[in-house]
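Going by the working numbering, the first residue of the sequence shown is number 79, and it counts up by one from there.
Scroll down for the structure; my scribbles are underneath it.
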Amino acid sequence: MEQKNNNYDVVIVGAGPAGCSSAHELLRNNKKVLILDKTEFPRHKPCAGGITMKTLKHLPIDINHLVQHKAQDMIFTFSPTKKIKLNHHKGSCVMVIRDKFDEYFFNETIKLGATFNKINKINSIKSIKNKVMIDVDGKIYVCDYLIGADGANSIVRKLSSNFEYKNPVFAYEGLVEKKDTNYSTEFIFNKHGYAWVFPKDGHYNVGIGNLVSTSKSKNVTKKDLRSFVSDKFGSTKISNITAFPIGTEGDNYRVQNNIFLVGDAAGLAESLLGEGIYNAVLSGKYAGSSINESYNNSVSAKLNYNEFLSHLTNELKLYRKGAKILYGFPMISYWMMKLGLGKKFMNGYSEGKTLSEIMGKKSIFAN
Numbered sequence: 079m080e081q082k083n084n085n086y087d088v089v090i091v092g093a094g095p096a097g098c099s100s101a102h103e104l105l106r107n108n109k110k111v112l113i114l115d116k117t118e119f120p121r122h123k124p125c126a127g128g129i130t131m132k133t134l135k136h137l138p139i140d141i142n143h144l145v146q147h148k149a150q151d152m153i154f155t156f157s158p159t160k161k162i163k164l165n166h167h168k169g170s171c172v173m174v175i176r177d178k179f180d181e182y183f184f185n186e187t188i189k190l191g192a193t194f195n196k197i198n199k200i201n202s203i204k205s206i207k208n209k210v211m212i213d214v215d216g217k218i219y220v221c222d223y224l225i226g227a228d229g230a231n232s233i234v235r236k237l238s239s240n241f242e243y244k245n246p247v248f249a250y251e252g253l254v255e256k257k258d259t260n261y262s263t264e265f266i267f268n269k270h271g272y273a274w275v276f277p278k279d280g281h282y283n284v285g286i287g288n289l290v291s292t293s294k295s296k297n298v299t300k301k302d303l304r305s306f307v308s309d310k311f312g313s314t315k316i317s318n319i320t321a322f323p324i325g326t327e328g329d330n331y332r333v334q335n336n337i338f339l340v341g342d343a344a345g346l347a348e349s350l351l352g353e354g355i356y357n358a359v360l361s362g363k364y365a366g367s368s369i370n371e372s373y374n375n376s377v378s379a380k381l382n383y384n385e386f387l388s389h390l391t392n393e394l395k396l397y398r399k400g401a402k403i404l405y406g407f408p409m410i411s412y413w414m415m416k417l418g419l420g421k422k423f424m425n426g427y428s429e430g431k432t433l434s435e436i437m438g439k440k441s442i443f444a445n
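This is how it looks when you write it as structure tokens:
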């Protein structure tokens, strides 16, 4: 009896945006879904909290009540004297508190009928005769499909695949008291990487990261973050400092069996500005729809999802090319943006376009 109760159509490890996006797709097609996570909600999640307009197109929930700021003005800083300010009335992204966003998304997913179990440790994952067996804290769960949505340090990835990031990257973020109510969203670029200032209600989310490997790059530190805050705001007073990995370099990931990786677990964050939520939501959605299609029409979920990943790989490579130019040749990038490319990007992002669409190519992810 216990074994039967532990059978599910799909088990999802990770209750963040990627996992909840998958669950929404599956639950709307009446699948029996179990979500496993080491923590319950509310919980702290290090993230700048910018949700792009293209992400809003794919979110299965309405988050208007969570929005604290719309980035209608953006500043791109290349040096103290080289700054570009761009604006669009629709805004390029909306600002949320990531903890509240994740909690709301999770609660809406549970309302659809998902089962949630808080866990301590996944001991093993085995694929046997078109089934997946997961040993969790000594209890065995059996499912048709397993989705690893457990972030850049994915245990599902480590236990079930040979795929691993080539060059893992990290960022530091923290909170600074907000005094200027008119401060714009800002990205700052230098020889070591990038920094950001995202305005929220009562504070700024500030951070630094390094997204590409170059001869001038280095690992960022907590000291670097404090130095940036001191230079930017004239004070080293910063709270909630957190380091976190960014899951990039997922170009070569493909599904091998009935175990799917989504979001940062698959290395799907883009390398230009480090956006991860869009591809987390998108990959979660496509993983769920691919699995639904396998039940409904007996088509291969693996082949469908791998086709999606092939298209997404092309998008990720485009971001990586842009990142190499932006970080490798910042002054050239400054003049390119000043002479029209910046306005093109701002308009495109505000219209919810992907990078390939902004560059005039057709994207399969438009709807």
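Where a beta carbon is used, it is the ideal one built from N, C-alpha and C, also for glycine.
This structure is a prediction, so every number in the text was calculated from the model and none was measured.
Straight-line Cα distance separating Arg176 from Cys125: On the sequence shown, position 47 is the one that residue 125 refers to. On the sequence shown, position 98 is the one that residue 176 refers to. Between Cys125 and Arg176, the C-alpha separation is close to 6 Å.
Inter-residue spacing [alpha-carbon to alpha-carbon] between Val89 and Gln146: What you label residue 89 is simply residue 11 of the sequence shown in a count that begins at 1. What you label residue 146 is simply residue 68 of the sequence shown in a count that begins at 1. Taking the straight line from one Cα to the other gives about 33 Å.
DSSP-derived helix/strand/coil call for Thr326: Position 248 of the sequence shown, counted from the start, is the residue given in the question as residue 326. Three-state result, Thr326: coil.
Burial state of Asn142, where buried means 16 or more other Cβ atoms lie within 10 Å: Reading the sequence shown from its first residue, position 64 is the one you call residue 142. By the 10 Å Cβ count, Asn142 comes out exposed.
Assigned secondary structure, Ile286 (DSSP; H/G/I helix, E/B strand, else coil): Position 208 of the sequence shown holds residue 286. Correct three-state label for Ile286: strand.
Separation of Lys431 from Asp151, as counted between CA atoms: Walking along the sequence shown from the start, residue 151 turns up at place 73. Walking along the sequence shown from the start, residue 431 turns up at place 353. Distance between the alpha carbons of Asp151 and Lys431: 18 Å.
Per-residue DSSP class, three states only, for Ala149: Position 71 of the sequence shown, counted from the start, is the residue given in the question as residue 149. Of the three classes helix, strand and coil, the one that applies to Ala149 here is coil, per DSSP.
Asn283 versus Thr155: straight-line alpha-carbon distance, rounded: Within the sequence shown, the letter at position 205 stands for residue 283. Within the sequence shown, the letter at position 77 stands for residue 155. So the two alpha carbons sit approximately 17 Å from each other.
Proximal residues to Lys217 (C-beta, below 8 Å), its chain only, five neighbours per side dropped: Working through the sequence shown from its first residue, we reach residue 217 at position 139. Within the same chain, Lys217 has close Cβ partners Asn84.
Pairwise C-alpha distance: Thr326 and Ile233: For the purposes of this step, residue 233 is taken as residue 155 along the sequence shown, with counting starting at 1. For the purposes of this step, residue 326 is taken as residue 248 along the sequence shown, with counting starting at 1. Approximately 16 Å, taken between the alpha carbons.
N- and C-terminal bounds of the beta strand (DSSP E) containing Asp87: Within the sequence shown, numbered from 1, the residue matching residue 87 stands at position 9. Note, Asp87: beta strand (DSSP E), 85-91.
Residue from Lys399, Phe386, Glu371 with nearest C-alpha to Ser349: The sequence position of residue 349 within the sequence shown is 271, counting from 1. For Ser349, the nearest C-alpha among the options comes from Lys399.
Cβ pair Ile316, Gly366 closer than 9 Å: Stepping through the sequence shown from its first residue, residue 316 is reached at position 238. Stepping through the sequence shown from its first residue, residue 366 is reached at position 288. Contact flag unset, no.
Stretch pair the segment 165-172 + the segment 420-428: three plus CB contacts closer than 8 Å: yes
Close Cβ partners of Lys161 (< 8 Å) along its chain, the five nearest in sequence each way excluded: Against the sequence shown, residue 161 aligns to sequence position 83. Within the same chain, Lys161 has close Cβ partners Ile153, Phe154, Thr155.
Any non-hydrogen atom of the ligand ZN closer than 8 Å to Ser376 Cβ: Only the bare structure without any ligand can be found here, which leaves the ligand ZN out of the picture.
Cβ pair count under 8 Å reaching 3, the segment 332-344 against the segment 261-278: no
With 16 other Cβ atoms within 10 Å as the buried cut-off, status of Met79: As a position in the sequence shown, residue 79 is number 1, starting the count at 1. Model confidence at Met79 stands at a pLDDT of 30, short of 50, so the residue's coordinates are unreliable; what they give is reported in the following sentence. With fewer than 16 other Cβ atoms within 10 Å, it is exposed.
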